[in-house]
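Those protein sequences? They're chains U, Y, G and B, same order as listed. First residue of the first sequence? That's 1 in my numbering, and the numbers climb one at a time after it. First residue of the second sequence? That's 1001 in my numbering, and the numbers climb one at a time after it. First residue of the third sequence? That's 2001 in my numbering, and the numbers climb one at a time after it. First residue of the fourth sequence? That's 3001 in my numbering, and the numbers climb one at a time after it. Beta carbons are placed, not taken as given, at the ideal position from N, Cα and C, and that holds for glycine. What you are looking at is a predicted structure, and each value in this text was computed from that prediction instead of being measured. The structure appears right after this line, and notes come after that.
There are 4 protein chains.
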Amino acid sequence: MNKKKIINDPVYGFISIPSGFIFDLIQHPYFQRLRYIKQVSMTHLVYPGALHTRFQHALGAMHLMALAIETLRGKDVAISDEEEEAVLAAILLHDIGHGPFSHSLEHTLVEGVSHEWLSTLMMDELNEAVGGRLDLAIMIFNNRHQKKFLYQLVSGQLDIDRMDYLSRDSFFTGVAEGVISFDRIIKMLHVVDNELVIEQKGIYSVEKFLIARRLMYWQVYLHKTVLSAEQMLLKILQRAKALYENGVSLFASPSLEHFLRNKITRQNFTEDVSHLAHFSRLDDTDIWSAVKTWAYHDDHILRMLCSRLIARSLYHTELHGAVPEEQLIADLKSQAVDYFGIDTAEADYYVWVQSIENSAYEPNNSTIKILMKDGSIQDIAEASDLSNLETLSKKVQKFAVSFPKELVGIPSSIG
Amino acid sequence: MNKKKIINDPVYGFISIPSGFIFDLIQHPYFQRLRYIKQVSMTHLVYPGALHTRFQHALGAMHLMALAIETLRGKDVAISDEEEEAVLAAILLHDIGHGPFSHSLEHTLVEGVSHEWLSTLMMDELNEAVGGRLDLAIMIFNNRHQKKFLYQLVSGQLDIDRMDYLSRDSFFTGVAEGVISFDRIIKMLHVVDNELVIEQKGIYSVEKFLIARRLMYWQVYLHKTVLSAEQMLLKILQRAKALYENGVSLFASPSLEHFLRNKITRQNFTEDVSHLAHFSRLDDTDIWSAVKTWAYHDDHILRMLCSRLIARSLYHTELHGAVPEEQLIADLKSQAVDYFGIDTAEADYYVWVQSIENSAYEPNNSTIKILMKDGSIQDIAEASDLSNLETLSKKVQKFAVSFPKELVGIPSSIG
Amino acid sequence: MNKKKIINDPVYGFISIPSGFIFDLIQHPYFQRLRYIKQVSMTHLVYPGALHTRFQHALGAMHLMALAIETLRGKDVAISDEEEEAVLAAILLHDIGHGPFSHSLEHTLVEGVSHEWLSTLMMDELNEAVGGRLDLAIMIFNNRHQKKFLYQLVSGQLDIDRMDYLSRDSFFTGVAEGVISFDRIIKMLHVVDNELVIEQKGIYSVEKFLIARRLMYWQVYLHKTVLSAEQMLLKILQRAKALYENGVSLFASPSLEHFLRNKITRQNFTEDVSHLAHFSRLDDTDIWSAVKTWAYHDDHILRMLCSRLIARSLYHTELHGAVPEEQLIADLKSQAVDYFGIDTAEADYYVWVQSIENSAYEPNNSTIKILMKDGSIQDIAEASDLSNLETLSKKVQKFAVSFPKELVGIPSSIG
Amino acid sequence: MNKKKIINDPVYGFISIPSGFIFDLIQHPYFQRLRYIKQVSMTHLVYPGALHTRFQHALGAMHLMALAIETLRGKDVAISDEEEEAVLAAILLHDIGHGPFSHSLEHTLVEGVSHEWLSTLMMDELNEAVGGRLDLAIMIFNNRHQKKFLYQLVSGQLDIDRMDYLSRDSFFTGVAEGVISFDRIIKMLHVVDNELVIEQKGIYSVEKFLIARRLMYWQVYLHKTVLSAEQMLLKILQRAKALYENGVSLFASPSLEHFLRNKITRQNFTEDVSHLAHFSRLDDTDIWSAVKTWAYHDDHILRMLCSRLIARSLYHTELHGAVPEEQLIADLKSQAVDYFGIDTAEADYYVWVQSIENSAYEPNNSTIKILMKDGSIQDIAEASDLSNLETLSKKVQKFAVSFPKELVGIPSSIG
């Protein structure tokens, strides 16, 4: 049976499924689940088009990876057919461990267990099911394969993952500032001494990539209203877990209830496959149908947060350039206690501070290397005449203070 | 407070919210609910990008309506400010009554109650809340306002609704065949004798519109796999209701349970507001989180349908140009009984026939009128030298026969 | 030296030059000349963006050809490396013989010598220069290579030439009606029994292609104003040649003068290479700088036509569905004589009729063949449920009557 | 007669001609001439799509200006109908004084006369013809109208001119790095204290604009190959003028000959209208048809430069970060003398240095002002957390050394 397929993708036009093996991975319920996990969580409350999912992102990244492989082979970089399949599988599965609402709930639903760790766990499971055919993909994913550049394509300063998500998030939000020349960057990829490099002609495209990433952070990923909505969702889940701890039952799908009721650790996941089974049944719809129902629950905090969130009546959020003074937060909380008639202990659900940070380029992790026309290798920061690349690598830290709109303008509040 | 807002839209760039009144309508929970109702139901199983919602469609249609009003006024068609607000509100709310998965479940969840009827009911409710300010919008929506052309902009052969959904569905599916020149069509709109007409120069854009619509039907709306998935979802809901009738309880959000457990008629809706309250809390996520849970239910039919749907293991579907012979369906059913060891009474969940039809242009309802350069009015079918417009208005009927993949190739089956 | 190059193209993003040999062909002065020959002649007077050239078109077509080859090879159609180079060269050079303003002046500047004949002549010259390396390309171009499908890719009902020019003309005119899904059509190409076919799944894209072609004809290629401008240019050249015949000298570049002063036949071209040398130095700029200068010439007809053309004061043009009555033309001419005080013999420069025709699909030449899912081959007209494909293949003939605007509205004129 | 027209534009879709008066300006031969002056001169030798003209740019800028006016009026900035027409006319005509190949030949064909000066001269002429209706437009153009912000829209750090040319040049070159969010910037425009400002929400779009401008400079406007071609053209014109001075006649259209033969000063232009008449008949085609003919001239330098340029056999160009050492240039020249057997005096046609510079943001001229949410006004450099805006305002100067390819690699050469 011909499993060769073409999938329409609004961003790239068409995506080819390269082989039956890859097709089978896509068909697996673990992967199909990603159809219901939005790539950028609650961002659609600000940019209504941003409903795209991890499923689309994974396919898109696989598509770009295939282009990268083709380019590198065209420049006589040795990549075997086995390695090609492996790196395609690695990028396809790199986000398989994401739970509902991606990063927003990452350490809430399952505390202390990162999505990368779960990705590895799920890949291992899949690998068993396919008799070890994912061995090499997993090695590449974990940077244990000798050809380091394959790992760098999956995860690095200028990796295929970022190229797809910037392109895709920009496309679906409609924020033109995030548009990058992914096709040009890919055509400029090369490998020198086992490391991924960019040919000098591509330097402007790389600069644009770094700047686009920074602009997307401030305009989309760290947009005040998005932060507010995501933090409200997180507080809702925290409240729900607290209620379960106190013996209160809530409407929830069985798998969601599993994680609300129990505290599941990495060790639990390793020892008992049922936890992963439950996790693999969760997606955004479990959370959202619960939130809608909880908007009518007896608990006044849960009810308040949920009813506000579904009516898009979001907390007011202000960005500060430095740690907000403790007194400010204390004042806001005491106002919340007064205004809403709540207990002091409950004020954390009304007023909170989030630290957010962003640097477009993180030279400490790994650097973007430019292959100069004379054959030498330079760091992008040296090679560019845009000396402000230093600035791009400077970490910008901000603090988001959130509280109900009703407190804006109350005397002595900051609103 | 300035409620003037700009919303990013991937299709049109920016959409301006024209007034505080419109902004408040958008903020209403009835309207926010549309954020979670996909425009084209299960189409995303074939075109992964097609996750756009009724929320985006309504905003987009409002945007195009604003452009149309601007064009018509530029041609000295009298439209008062009140009428402008009304027609914008009318198009914004025209789909407000859609339930989960739009058309797919339209007559399943609430039998015998169309989404148009529910739209009117919800508009009436909203109208009460705003002290009658929606009076004129409702009159236009129901074609009771004297300026008939305003109604035709909302609902007609070449209305703003269609212009947005073709553009939007084409954009998010990535099916370029559906692209239309909405901007050109709108610029060619005019009004003669109280009727909407198209200036002769726009005739090719109208032809393209009709053809694009036809191509979208066959490539997207009536795509075999989409039909299969949507019908499976419908069968699931039918089964769930049947189980409730037999006293079996299922996991469901309270509002979903309300409609599974009770048969709600138009009269019920009119007499008791709680039904509409429940309806207004439903969206796609209630259905999907239920389907996922039901995949582990005791009932073998519900379990089978749900587990297949979530694993995208869809029924095989074949299109026939004529009514399939009764013997063919009977044979398939008896094979299903044999193969799956089910009761004959259950075979309707395994084998079914759907009648589907499409005509791109329906001259019986209303015609597209062309304003010729000499000032006369002609029907598009006369004005075009594409004599095949007659063909476009011919109803094409097909029959989709669906059954589990396992039956394909079984002797005497049609697979 | 690395001659592998990437060229930015607004339509496709990037075009790769596949080899040093192709690069050298592009660098040849014959090919560079195409930079100054607009693809669609005077169309830019109506669609100001349409300044794109035969140079861009040839590169674009080569790009699409490379995609087609890749697709066919992926389906195990045997195409040798030599054949690949040859078919790329053939499409690259297919328009090399076009003179200034492409089709508009095709049989005016050099009477009785088609651009195809000149293309072959120039290819033969180039072939000599490269020691016969173009042998196979020329065989394919002239349909003398056994693999007929390669010829069909260069020239047929659904060839690469058309795919590029529709896409490109649509892009640069901004006429969205001409957008086609070239990528989808190409992905659906296959070869059966040495003939190019389209897989059934691509049938809607083919329909769209045929309809887009028809719409482009009426909206662009046969646009009244474009026809008017092109015919005026043609009349200008005719007048200039007539003046030369009468011993009047005009400002002209030496190579332009060569063709104004002498009547060059095919035989002349074959016998004396200097004619081709002169031809290969001509482009749009020779004509245009002459027209601008002639606007101040003593000859009142040349002056009138040229000054009107450069001021975009174009003749009024009306389309008729049938041959216009002789009396009508006679009347117009006699009005011209009266109004402008010209000789009767000169009236042909004031009033003229052009016959224009178009059929989107010409089944007599060759048919578009569809590879059905059951393996059979059907003609598109049978395979499509759009029975109006018959209509598309019907030749539509119209007659354009042109005359100066001053005559519009004069009693007994048709204006 | 209805002169309201819509023009297709590939960049913006449609451009409306706002009034009959504007339509008449567009129809004027001065303006129609811009159809034949490429916006970016010889850039199409590197980016083949870049054939767009000053005509398209002027129309596009007028379109954006209309959007800006609409936005500002929506924010209650007072702009009368007369001012609207004037600022539309001002932007439409702002480049009317450009000669063939725009900037490339600006001070060559007519020494010491800038295109701005000629624009004013031509506007004055037009103004006379329309009985003073352009009075206000000319006042705005020259910053003599009290509403300074109207001038700033025409000419400033973030003016409509730049917005169109960045968008347009990016579009036609296919260099995605130059894409800006012109629609967002325009929607963020406001006026405070008679000065144009940008609302704080638009700050990222402004940053993107500045960076896009910088990238376009290095990737397009100052591309080595483009510089090389443009400088060759300039040298050709210098040589042609030198030959005329020595009594040698060349093929040239009468108007081109006028400027080759005579040295026309500002004073001449003012005193004798025939000079402007000749100037207004010149466009790119006069130059190019001459260059092609001169490739066969007796003068070996003119012949050499012209034949290289038309064959795209361009000089090798190298960028230096500092003034190249005099010895280097002297060495190159003496090699040229040896290699080509030329006179020392002729070496300037073989080896030259160009100084080029660029700063994306020039705070000395005028600053981009941001309207903060608290109502205060800040300079973009303060308001942005991208401290490297300082870097963007740093002037980067480079030196382009050009010489024939034959000298590359000759011992002691730098090539």
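It is roughly 13 Å from the alpha-carbon of Gln1354 (chain Y) to the alpha-carbon of Glu1325 (chain Y). Between Ser1205 (chain Y) and Glu2177 (chain G), the CB-CB gap stays under 8 Å. Taking C-beta separations shorter than 7 Å and ignoring five residues to either side along the sequence, the partners of Lys2241 (chain G) in its chain run Leu2260, following chain order. Taking a beta-carbon distance threshold of 8 Å, Ala176 (chain U) counts as an interface residue toward chain B.
At a Cβ-Cβ threshold of 8 Å, Lys2075 (chain G) and Glu2195 (chain G) do not count as neighbours.
Taking 8 Å as the upper bound for CB-CB distance, Leu1067 (chain Y) and Ile1186 (chain Y) are in contact here, some 5 Å apart. Take the alpha-carbon of Phe1021 (chain Y) and the one of Leu1134 (chain Y): they are about 10 Å apart. When DSSP states are grouped into helix, strand and coil, Ile186 (chain U) belongs to the helix group.
A residue is called buried once 16 or more other Cβ atoms fall within 10 Å of its Cβ, and His2098 (chain G) is buried on that count. At least one beta carbon of chain Y lies nearer than 8 Å to the beta carbon of Ala311 (chain U).
Contacts with chain Y at 8 Å (Cβ-Cβ) include Phe3014 (chain B).
For Gly1074 (chain Y), the secondary structure class from DSSP, reduced to helix, strand or coil, is helix.
In this structure, the straight-line span from the alpha carbon of Gly2132 (chain G) to that of Met2123 (chain G) is close to 10 Å. Counting only the Cα atoms, Ser2016 (chain G) lies some 6 Å from Lys2005 (chain G). Considering only beta carbons, the part of the stretch 1204-1222 of chain Y lying closer than 9 Å to chain G consists of Tyr1204, Ser1205, Glu1207, Lys1208, Ile1211, Ala1212, Arg1214, Leu1215, Trp1218, Gln1219, in chain order. Annotated as proximal: Ala58 (chain U) and Asp95 (chain U), with beta-carbon spacing under 8 Å. Ile1007 (chain Y) sits in a strand when the DSSP states are folded into three classes. Within chain B, no residue has its CB atom less than 7 Å from the CB of Ser355 (chain U), the nearest being about 16 Å off. Looking at the DSSP output, Leu1371 (chain Y) sits in a beta bridge with Y:Glu1199, Y:Ile1377. In the three-state reduction of the DSSP assignment, Lys3038 (chain B) falls in the strand class, which pools E and B.
Taking CB atoms only, Ser1080 (chain Y) has no neighbour in chain G less than 8 Å away.
Of all residues in the stretch 1297-1331 of chain Y, none has a C-beta nearer than 7 Å to a C-beta of chain B. When C-alpha distances from Thr1265 (chain Y) are compared across Y:Asp1284, Y:Thr1108, Y:Ile1079, the shortest belongs to Y:Thr1108.
Along the stretch 1113-1139 of chain Y, the alpha helix (DSSP H) occurs as fully enclosed runs of 4 or more residues at 1115-1129, listed in sequence order.
DSSP places Leu3260 (chain B) within a helical segment (H, G or I) once states are collapsed to three. Across the set B:Thr3344, B:Leu3256, B:Leu3222, the C-alpha of B:Leu3256 shows the shortest separation from the C-alpha of Leu3237 (chain B).
Around the Cβ of Thr317 (chain U), a 10 Å sphere holds 16 or more other Cβ atoms; the residue is buried. With a threshold of 8 Å between beta carbons, Lys2373 (chain G) makes no contact with chain U. Bridge partners of His3316 (chain B) according to DSSP: B:Phe3403. Residues of the stretch 3126-3148 of chain B whose Cβ lies closer than 8 Å to any Cβ of chain Y: none. In the DSSP assignment, Ile2022 (chain G) falls outside any beta strand (DSSP E) and lies within the alpha helix (DSSP H) extending over 2020-2027. The stretch 3305-3313 of chain B makes contact with the stretch 3277-3297 of chain B; the number of CB pairs closer than 8 Å reaches 3 or more. By DSSP's assignment, Phe1014 (chain Y) forms a beta bridge with Y:Asn1008.
Under DSSP, Val3396 (chain B) shares a beta bridge with B:Asn3358.
Using a CB distance cut-off of 8 Å, Asn2008 (chain G) counts as an interface residue toward chain B.
With fewer than 16 neighbouring CB atoms inside 10 Å of its own CB, Asp81 (chain U) falls in the exposed class.
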